[in-house]
Amino acid sequence: MTRVTITGGTGNVAQYLIEEMKGKYDLVLFDRVPPGQNRFQYDINHPVVVGELLNVEDCERAVRGSDAIIHLGAIPYPTELPRPNPLPPNAGPNLPYDETMKVNTMGTYYLFEAARRQKVKVVVTSVSNCVLGHFEAWRPSGTFFPIDYLPLDENHRKDVEDTYGLSKQFQEEIGHMYARAYGLKAYGIRPSGVQRPERMKEYAENYKDPDRWMSALNGYADIRDLVRAFRMCMEAGLRGDLPPYDDYYINNADTWSLEDSKAMVERMRPDLAHLAKDLVGRQSLISAKKAEKAFGWTAEHSWTEFLPVGAKRG
Ligand SMILES: NC(=O)c1ccc[n+]([C@@H]2O[C@H](COP(=O)([O-])OP(=O)(O)OC[C@H]3O[C@@H](n4cnc5c(N)ncnc54)[C@H](O)[C@@H]3O)[C@@H](O)[C@H]2O)c1
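Residue numbers for the sequence shown follow the working numbering, beginning at 195 and rising by one.
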């Protein structure tokens, strides 16, 4: 059976990725937090390597014998800025200011180096749509992210002001370098904010039209759809159906709002109205068409599944 190492293997997204992959792949999980001590509790029936991404020997132990890696391990917010509220329970209130930059860049470098040494064929990295720099809370300048066209796609310019977005750019570049130099294949998946079913249910049951521009561009990635994207991208890479390296936005086809996207942009960002005229219905403001074309991924879910019966549906 094809062997796959999942880094960040006791974390949030890993819970759903393990469900998606189990039975089809021989899984090895790698995380610095042992099972049962991370922020979501779930049963783990696969070998776990407890270790540090910042240690190349730990990375080698975790990837030895694997054909592919799905790299989820990271600090998922910028530690130099005020912490998210509420703080993810495993975030560690006292992480030093440079933890995000260190773990996400150097940790990814050591992981790719271990992959090269152990002759891993494909590495799929969970990057983020934060490579754009579009999340208002993480723009210390207080300016809006500059939008050139809608929907955004992989050709749109980036404008980051935080180490999370910057480190996610570096993660992609590290993969590209290893692919060019050493022939392993490297793909970046750029999810929008990841949503678990229980969170979407809570949101749907308390839904109100947003009253201000949501700088994450009102997008989201259903965790069930996202983990399919990791698997499908990895499988296409292993089959040789993709270029040696590439990066793909993954988000659901609709927005986090029930209002039509054109009307939403006109209401909250009239300065962008001229860019919104061709948006159709509740169309997402970031396109996932490239992933669809490359490895056949489309979203199968929407948070509107969780609207109470009789509520307006998109
Ligand atoms: N959750 C989101 O909304 C979102 C959105 C876009 C991208 N992403 C990315 O997806 C990936 C998974 O996110 P998640 O929500 O599961 O986050 P998470 O924090 O639940 O999981 C990340 C895991 O990485 C582990 N880790 C951190 N530093 C490590 C180190 N130095 N050595 C070994 N393990 C380490 C943590 O213990 C944790 O279990 C991350 O790369 C994140 O940046 C998440």
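The C-beta atom is built at its ideal place from N, Cα and C for all residues, glycine as well.
Here the structure is a predicted model, which means the values were calculated and not measured.
**Message:** If the criterion is Cβ atoms closer than 9 angstroms, does the pair I480 and D342 meet it?
**Reply:** Cβ atoms of I480 and D342: not closer than 9 angstroms.
Item checked: Cα-Cα separation, G205 to A380 -> G205 and A380: Cα-Cα distance of roughly 22 angstroms.
Q) In chain order, which continuous runs of the alpha helix (DSSP H) of length 4 or greater are located wholly inside the region 342-412? A) Runs of the alpha helix (DSSP H) inside the region 342-412: 357-376, 391-399.
Hey, A423 and A331: beta-carbon distance below 9 angstroms or not? No, the Cβ-Cβ distance between A423 and A331 is not below 9 angstroms.
Practice problem: Could you round the C-beta distance between V243 and V421 to whole angstroms and report it? I think they count as a contact, below 8 angstroms. | Solution: Between V243 and V421 a beta carbon distance of about 20 angstroms is seen, past the 8 angstroms cut, so the two are scored as non-contacting.
Apply the 10 Å Cβ neighbour rule to R425 and answer buried if 16 or more other Cβ atoms are within range, or exposed otherwise. Buried: at least 16 other Cβ atoms inside 10 Å.
For ligand 1, is there a heavy atom less than 8 angstroms away from the beta-carbon of E246? Yes, the beta carbon of E246 sits closer than 8 angstroms to at least one heavy atom of ligand 1.
Checklist entry - Would D465 be called buried (16 or more neighbouring beta carbons within 10 Å of its own) or exposed? => result Result: exposed.
query = Between W491 and V318, what straight-line distance do the alpha-carbon atoms span, to the nearest angstrom?
reply = Rounded to the nearest angstrom, the two C-alpha atoms are 15 angstroms apart.
Report the CB separation of T510 from N412 in whole angstroms; it is logged as a contact under 8 angstroms.
Nothing can be reported for residue 510: it is not among the residues displayed for the chain, which extend from 195 to 508.
| field | Whole-angstrom distance between A488 and G508, CA atom to CA atom | value | Low confidence applies to G508: its pLDDT is 48, below 50, so where it sits in the model is not reliable enough to give any reading.
Q. With respect to the alpha helix (DSSP H) encompassing A262, which residues constitute its N-terminal and C-terminal limits?
A. Here A262 belongs to no alpha helix (DSSP H); instead the beta strand (DSSP E) covers 262-265.
On the DSSP bridge assignment, give the partners of R197 in chain order. Here R197 is bridged, per DSSP, to D220.
Legend entry - Y439 in three-state terms, based on DSSP: Three-state DSSP puts Y439 in a strand.
Can the beta-carbon of A309 be found less than 9 angstroms from the beta-carbon of L247? No, these two residues do not count as a Cβ contact at 9 angstroms.
Tell me, to the nearest whole angstrom, how far the beta carbon of D441 is from that of V321; I am working on the premise that it is less than 8 angstroms. 7 angstroms between Cβ atoms; contact.
Original post:
Is the beta carbon of C427 within less than 8 angstroms of some heavy atom of ligand 1?
Top reply: No, since every heavy atom of ligand 1 falls outside the 8 angstroms radius drawn around the Cβ of C427.
Quick check: the Cα distance between N232 and R226, rounded to an integer number of angstroms?
A direct Cα-Cα distance of roughly 10 angstroms separates N232 from R226.
- Message: Is it the case that the region 398-407 contacts the region 212-223, given that we only count it when at least three CB pairs across the two stretches are under 8 angstroms?
- Response: Contact between the region 212-223 and the region 398-407 is absent, because fewer than three Cβ pairs lie under 8 angstroms.
For T319: DSSP bridge partner residues = Answer is H265, G382, bridged to T319.
Quiz item: Between the C-alpha atoms of Y291 and A268, what's the straight-line distance to the nearest angstrom?
Solution: Here the C-alpha atom of Y291 lies approximately 15 angstroms from the C-alpha atom of A268.
Length of the line joining the Cα atoms of E213 and H265: Between E213 and H265, the alpha-carbon positions lie close to 16 angstroms from each other.
Boundaries (first-last residue) of the alpha helix (DSSP H) holding V250:
DSSP places V250 in the uninterrupted alpha helix (DSSP H) bounded by 250-257.
- [ ] Assign Y236 to buried or exposed, taking buried as 16 or more other Cβ atoms, counted over all protein chains shown, within 10 Å of its Cβ.
- [x] Counting Cβ neighbours within 10 Å, Y236 comes out exposed, since fewer than 16 surround it.
State yes or no: is the C-beta of I212 nearer than 8 angstroms to some heavy atom of ligand 1? Not so, every heavy atom of ligand 1 lies at least 8 angstroms from the Cβ.
For this session: With DSSP collapsed to three states, give me the class of I480.
Result: Per DSSP, reduced to three states, the secondary structure at I480 is strand.
Margin query: By alpha-carbon positions, which one of T273, K296, K483, T201 ends up nearest to A262?
Written below: Out of T273, K296, K483, T201, T201 has the C-alpha closest to the C-alpha of A262.
| said: Along the chain, where does the beta strand (DSSP E) containing V474 start, and where does it finish? | reply: For V474, there is no enclosing beta strand (DSSP E), as DSSP gives it neither H nor E.
- Query: A415 by DSSP, collapsed to three states: which one?
  - Reply: Looking at A415 - three-state DSSP - the assignment turns out to be strand.
Exercise for review: Would you mind reading off the limits of the alpha helix (DSSP H) that contains V227?
Suggested key: Premise fails: V227 is in no alpha helix (DSSP H) and is neither H nor E.
Proximity test, A268 beta-carbon vs ligand 1 heavy atom, cut-off 8 angstroms = Distance from the C-beta of A268 to the nearest heavy atom of ligand 1 is below 8 angstroms.
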